[in-house]
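Novice: Take this structure first; my questions come after.
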Amino acid sequence: MSFADGTADFRSDTVTQPTEKMRAAMASALVGDDVYGEDPTVNALEERVAELLGKEAALFTPSGTMANQIAIGAQTQPGDEVICVERAHVRNYEHGGASANFGVAFRAVPGRTGVMRVDEIRTAAVGSEYGLPRTSLLWWENTHNVSGGTVVPLDVMQAGSAVAHDMGLVVHLDGARLWNAAAASGVEAADFAACVDSVMFCFSKGLGAPVGSVVAGTVDFIAAARDIRARLGGAMRQVGVLAAAARVALEERERVFEDHETAKQLAKGLATRLPEAVDASAAVTNMVLVNENGLPWPAAKFMEALAADGVLTTFIEPGVIRFCTHRNVDQADVDRVLGVTDTLL
Ligand code: TLP
């Protein structure tokens with residue numbers, strides 16, 4: 002269902018409106034001062050996340066960016082390097098936070114779909130001899146946003162993480178859309194989480210909550226994470242009102258399947274009309290990418306025509322339009338996109 006004003010907003014799954022159930026849970030949430038550890042709704046949410054992910058403890062954060070930054074701050078020293086794929090969110094879209102906040106640099110592996118092979122990880126971990134920086138962290142992103150929500154297979158993560166652990170590295174998973182990865186692959190989120198030391202996911206993306214993310218790991222890691230969250234200004238007070246909506250979203254997580262179905266329909270319809278621009282087989286979760294190179298017209302013309310019909314899209318990187326599906330878009334909105342496309346062809 003599109004928004005009340007008729008807009009079909011495909012820019013991101015971050016744009017969803019809280020459901021009536023979320024609003025009701027927020028209104029009636031039991032709260033306390035979370036800086037004192039006294040917010041029962043937050044405490045219950047953190048315990049539930051730790052249980053679902055098979056980790057010792059978890060910490061609610063205001064954003065996915067802060068959850069990622071905390072993972073870096075708690076597990077690196079200034080001057081260290083973090084290994085990630087070149088188009089990782091943490092390297093490209095977090096406002097330079099890793100270097101500004103914690104003085105680390107990235108050693109990027111050219112994994113187009115978020116996949117890093119064992120040999121690439123071995124080569125990227127330069128070590129600390131001869132003045133080389135210390136490599137301290139291996140960073141997965143699953144699903145991988147910029148490649149269109151692709152899933153990094155569990156065996157790839159297991160093999161890469163094992164090598165990293167053998168080399169003394171710590172391993173983190175940016176699982177902003179972890180539940181999409183789990184639903185699309187049939188792998189339990191806890192199995193993805195089992196091969197990493199720290200893991201984060203967002204309530205405010207595919208799950209559809211208005212605000213919030215969470216980071217999980219050992220009790221010691223979460224103690225350090227709590228300290229860094231406060232330092233970054235992210236220690237919140239009666240934040241159970243947000244955790245209550247996040248809890249509803251979490252318990253309804255299986256509905257991300259619906260978004261994947263919507264994305265598949267959109268990808269199929271667009272690929273039929275724009276076969277050079279859209280690879281329907283790549284739409285495995287809740288995103289569809291349209292490559293300007295394969296379009297018969299400039300991407301901006303396509304986006305403007307869509308916008309004129311109330312359909313919003315965004316560039317996820319230069320020349321690549323992203324359509325992201327979520328709770329507030331449906332098949333009728335897909336039909337609108339295809340209808341506009343037909344008028345241009
Ligand atoms: N992604 C946003 C934009 O920043 C690009 C989006 O619309 O997809 N990790 C990944 C993989 C993400 O995609 C995002 C947000 C984050 C972390 C950061 O989460 P927030 O926005 O809550 O700070």
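For the sequence shown, my numbering begins at 2 and goes up steadily by one. Ideal Cβ positions, reconstructed from N, Cα and C, are used throughout, including at glycine. The model shown is predicted, which means the values in this text are computed figures rather than measured ones.
(1) Where does residue 64 sit, in a helix, a strand or coil, going by DSSP?
(2) Between the C-alpha atoms of residue 117 and residue 94, what's the straight-line distance to the nearest angstrom?
(3) Are there 16 or more other CB atoms within 10 angstroms of the CB of residue 265, so buried, or fewer, so exposed?
(4) Quick check on the burial criterion: 16 or more other C-beta atoms within 10 angstroms. Buried or exposed for residue 142?
(5) Can you round the beta-carbon distance between residue 239 and residue 10 to whole angstroms, since I take them to be within the 8 Å contact cut?
(6) With 16 as the cutoff for other CB atoms within 10 Å, does residue 298 come out buried or exposed?
(7) Rounded to the nearest angstrom, what separates residue 262 and residue 188 at their Cα positions?
(8) In terms of DSSP beta bridges, what is residue 315 paired with?
(9) How many whole angstroms separate the CB atoms of residue 198 and residue 172, which I take to be in contact at a CB cut-off of 8 Å?
(10) Residue 161: which of 193, 330, 301, 146 sits nearest, CA to CA?
(11) Measure the C-alpha to C-alpha separation of residue 107 and residue 146 and round it to an integer number of angstroms.
(12) Would you please state the rounded distance, in angstroms, between the beta carbons of residue 311 and residue 8? I believe it to be under 8 Å.
(13) Where does the unbroken beta strand (DSSP E) through residue 110 begin, and where does it stop?
(14) Between the C-alpha atoms of residue 212 and residue 235, what's the straight-line distance to the nearest angstrom?
(15) Just the C-alpha distance for residue 195 and residue 157, rounded to the nearest angstrom, thanks.
(16) Check residue 143 in the structure and name its three-state DSSP category.
(17) Which residue comes first and which comes last in the beta strand (DSSP E) that contains residue 217?
(18) Considering only heavy atoms of ligand 1 and the C-beta of each residue, which residues fall inside 6 Å, strictly closer?
(19) Going by beta carbon distance, what residues of the same chain come within less than 7 Å of residue 43, once the five residues before and after it are set aside?
(20) Relative to the alpha-carbon of residue 149, which residue among 337, 285, 331 has its alpha-carbon at the smallest distance?
(21) Can you tell which of 207, 231, 115, 221 has its C-alpha closest to the C-alpha of residue 174?
(22) Name the DSSP beta bridge partners of residue 290, please?
(23) Select from 54, 283, 103 the residue whose C-alpha is nearest the C-alpha of residue 80.
(24) Any contact of the region 53-67 with the region 217-228, i.e. 3+ C-beta pairs under 8 Å?
(25) Under three-state DSSP, which class holds residue 117?
(26) Who are residue 59's beta bridge partners in DSSP?
(27) Would you tell me roughly how many angstroms separate the C-alpha atoms of residue 202 and residue 159, rounded to the nearest one?
(28) Please report the distance separating the alpha-carbon of residue 331 from that of residue 316.
(29) Residue 292 and residue 270: beta carbons closer than 8 Å?
(30) Are there 16 or more other CB atoms within 10 angstroms of the CB of residue 168, so buried, or fewer, so exposed?
(31) Out of 110, 250, 78, state which residue places its alpha-carbon closest to the alpha-carbon of residue 85.
Specialist: Taking the geometry as given:
(1) coil
(2) Rounded to whole angstroms, the separation of the alpha carbons of residue 94 and residue 117 is 20 Å.
(3) Result: buried.
(4) buried
(5) Contact flag wrong, Cβ pair sits at about 30 Å.
(6) exposed
(7) 18 Å
(8) 323
(9) For residue 198 against residue 172, the beta-carbon gap comes to about 5 Å, under 8 Å, which counts as contact.
(10) 193
(11) When rounded, the distance between both Cα atoms is 18 Å.
(12) 5 Å
(13) That run of the beta strand (DSSP E) goes 106-110.
(14) 13 Å
(15) 13 Å
(16) coil
(17) It spans 214-218 - the beta strand (DSSP E) in which residue 217 sits, taken as one unbroken run.
(18) 13, 15, 64, 65, 66, 69, 90, 94, 142, 146, 175, 177, 203, 205, 214
(19) Here the set comprises 35, 61, 240, 241, 244.
(20) 285
(21) 115
(22) 323
(23) 103
(24) yes
(25) coil
(26) 217
(27) In this structure, the alpha-carbon of residue 202 lies about 19 Å from that of residue 159.
(28) 21 Å
(29) no
(30) exposed
(31) The option with the nearest alpha carbon to residue 85 is 110.
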